[in-house]
Amino acid sequence: MASMTLVPLIPFLCVMAIGYRYFAQALETSTLSAMERIVADHRRMIDSFLSERRADLEFITRAYRFEQVSRPEVLSELFDNLQRASHAYVDLGIFDTNGVHVAYIGPYSLTGKVYKETEWFREAERRGYYISDVFLGYRNIPHFVVAVCRNSPRGQWMIRATIDSLLFNDLVKEVRLGKTGEAYVINSEGVLQTNRRSGGDLMQTLDDPVERPETQDQIRTFLAKDARSESYLYATALLKGGEWMLVARQEQSDAFSALYSAAYLILFISGIGGVVVVVIAQFMTGRIVRHMERTDAEKDRLRYQLIGAARLVELGEMAAGFAHEVNNPLQIIRNEQSLMEMNLAELPLPETGNEEGPLAEIHDSLAQIRLQIDRCAEITQAILKFGRQQEPRIREIDLGGVISETAAMVANKIHIHGIVYTEEIDPTAPPVASDPAQLQQVFLNLFNNAVDAVIERHGSSGGKLRVEVYAGKNGTADVRVEDNGTGIAPENMEKIFSPFFTTKPVGKGSGLGLSVCYGIVDNLGGTMAVESRQGEGTAFLLRFPGAGSPDKAEK
Ligand code: ADP
């Protein structure tokens, strides 16, 4: 049971596990590359948005002088043109070298304010341009600025544009990955530069453990738990020269949902497969065990039959010994009887001459004794002849004679059970070359079987046994032994010639009779066949090659 379960189960589970592993690998790779592609695309979009804004302002600083752009009408026209190119611009301002806001176009009144000490002003002075983080500033609304500094022979001046945070937000807002995928931008302190769909407003500081890519071009992917201890698949890329970071993330269960479904399916299939294997193994084991039990029972039956057969052989030997022992006293009795007859014959006859007197009765008794002694002698001779084991002596035998002799051996049994025995011998049937003892054994067995079948069906009257000997085609001598007994069941027809097959009760049949007959007939070059109808009777057909004919009988 264990080996029948394990042998198919182990390879089955291995195949499932290997299949799952490769599927998991493929899915993981495709999920990560989808994420990386989204991050790379949005990084390109944001970078080009920022550099376009910077390029717009740099163009103005190169095309106009400070005096020109400080004039409100010029600045207003420039602002209109910029807004036509992008709606992200909220306002536009010009600053002199002291950080004084000399000209301003926009929704607030910021003209005249001094920005010398602000961070963005100082950074722009230092680097030549500056893109700030999102901040509140004087107006108290989240925004960020792009500033470009121009060094002219008359001194340094600066142009600054405010970018609408909401519009910038739209660049990442649209990112959709599964059910929970999202993207957002943070600065190096983890402060949100855009909104985050799953919670997190502009300028809020996040404390998610986000891993930073090492180079500008790298996109980093990793699994991590966020501040709410939920597992996410992250992809990060650097923006704005490393000051900002674009983060895309998706809940792990969402990102790998196909993998989890496949895992459940594989578990389910493995479970069903395992159950099927166990059930089949149990069924097969049951069958094998039952078969083995049947074989064991058959073996036991054969052993008992063999013992019975051996006992029969011993019984035969004992019978032969017994016949031999009885034969001697019989001879002595016979001699004595002969002596008595002789002495009686010499006695003078009484004068009365009465032939029906006591003397005549003694004569009759002696004759009866002689008759019975002869019968006993015949029986013992037959037993001796049958039981004698000797080298087969082949000679030409007249089948009719052997059959009559054998029938005489069972005559008593036939008579007692009221069986009508008929014999039809064709004198033209050729003699058969065989050992007479063997042929006798064949017919004795056929007669015994027939008598048994007839008794079983009819009891002690109505039975018939008919033997016919006739000349067959091709010079064969054919015998038909027919009875009107029980007949043979169709399913047993194939088996009756097998050794040890018997339908008789234990102790009665050995199942060897027909197999021995078959062997003897076959050995003589003859054939043996059976015709039977259950409930009607049976006929055995034997065909022997005629003595002197070189051919074997047609089989
Ligand atoms: P046994 O007589 O010891 O059973 P046999 O080999 O002589 O062994 O016969 C095998 C079986 O063939 C018998 O048990 C019986 O069922 C069947 N059989 C043989 N001869 C006859 C017959 N004349 N009529 C019915 N059945 C027969």
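When the letters of the sequence shown are read in order and numbered with the numbering used here, they come out as residues 279 to 833.
Glycine included, C-beta positions come from ideal geometry on N, C-alpha and C.
Residue ranges of each alpha helix (DSSP H) run of no fewer than 4 residues wholly in the segment 522-572, ordered along the chain? 530-533
Member of GLY813, PRO783, PHE779 and PHE775 whose CA lies at the smallest distance from the CA of VAL836: Nothing can be reported for residue 836: it is not among the residues displayed for the chain, which extend from 279 to 833.
Compute the minimum distance between the beta carbon of ASP761 and the heavy atoms of the ligand COA, and state whether it is under 7 angstroms. With respect to the ligand COA, the structure offers nothing, as its ligand set consists of the ligand ADP.
Counting C-beta neighbours from all protein chains within 10 Å, is the total for ARG362 16 or more, i.e. buried, or is it exposed? exposed
Taking 7 angstroms as the cut-off, does the CB of PHE779 come closer than this to any heavy atom belonging to the ligand ADP? yes
Could you check which residue in MET562, THR764 and ALA601 has the C-alpha nearest to that of ARG811? THR764
Going by C-alpha distance, which of ASN613, VAL680 and GLU674 is nearest ILE647? ASN613
Any heavy atom of the ligand ADP within a distance shorter than 7 angstroms of the CB on ALA731? yes
Is it right to say ALA439 is buried, meaning 16 or more other beta carbons lie within 10 angstroms of its own, or is it exposed? buried
Measuring CB to CB, does GLU403 end up less than 8 angstroms from CYS427? yes
For GLU832, which of helix, strand or coil comes out of DSSP? Because the pLDDT of GLU832 is 41, which lies under 50, any placement of that residue in the model is unreliable, and the question is left without a value.
Span separating the alpha-carbon of GLU642 from that of ALA755: Note on identity: in this sequence residue 642 is Asp, with Glu being the wrong assignment. For ASP642 and ALA755, the distance between alpha carbons rounds to 45 angstroms.
Rounding to the nearest angstrom, what Cα-Cα distance links LEU360 and TYR407 in this structure? 18 angstroms
The alpha helix (DSSP H) enclosing GLN718, as first and last residue numbers: 714-736
Quick one: does the C-beta of LEU792 sit closer than 7 angstroms to a heavy atom of the ligand ADP? yes
Does the Cβ of GLN727 lie closer than 7 angstroms to at least one heavy atom of the ligand ADP? In the sequence as presented, Gln is not what sits at residue 727; that position holds Asn. Result yes, Cβ under 7 angstroms from the ligand ADP.
Could you tell me whether any non-hydrogen atom of the ligand ADP is closer than 7 angstroms to the CB of ASN723? yes
Any heavy atom of the ligand ADP within a distance shorter than 7 angstroms of the CB on THR764? yes
How about VAL412 and PHE399: are their beta carbons less than 8 angstroms apart? no
In the DSSP output, what is MET436 paired with across the bridge? PHE373 and CYS427
THR472 vs VAL453 beta-carbon contact at 8 angstroms: no
Quick one: what's got a C-beta closer than 6 angstroms to GLU760's C-beta in the same chain, skipping five residues either side? ARG744 and ALA817
Can you find a heavy atom of the ligand ADP that lies under 7 angstroms from the Cβ of GLY789? yes
Name the one or two DSSP bridge partners that GLY824 has. VAL710
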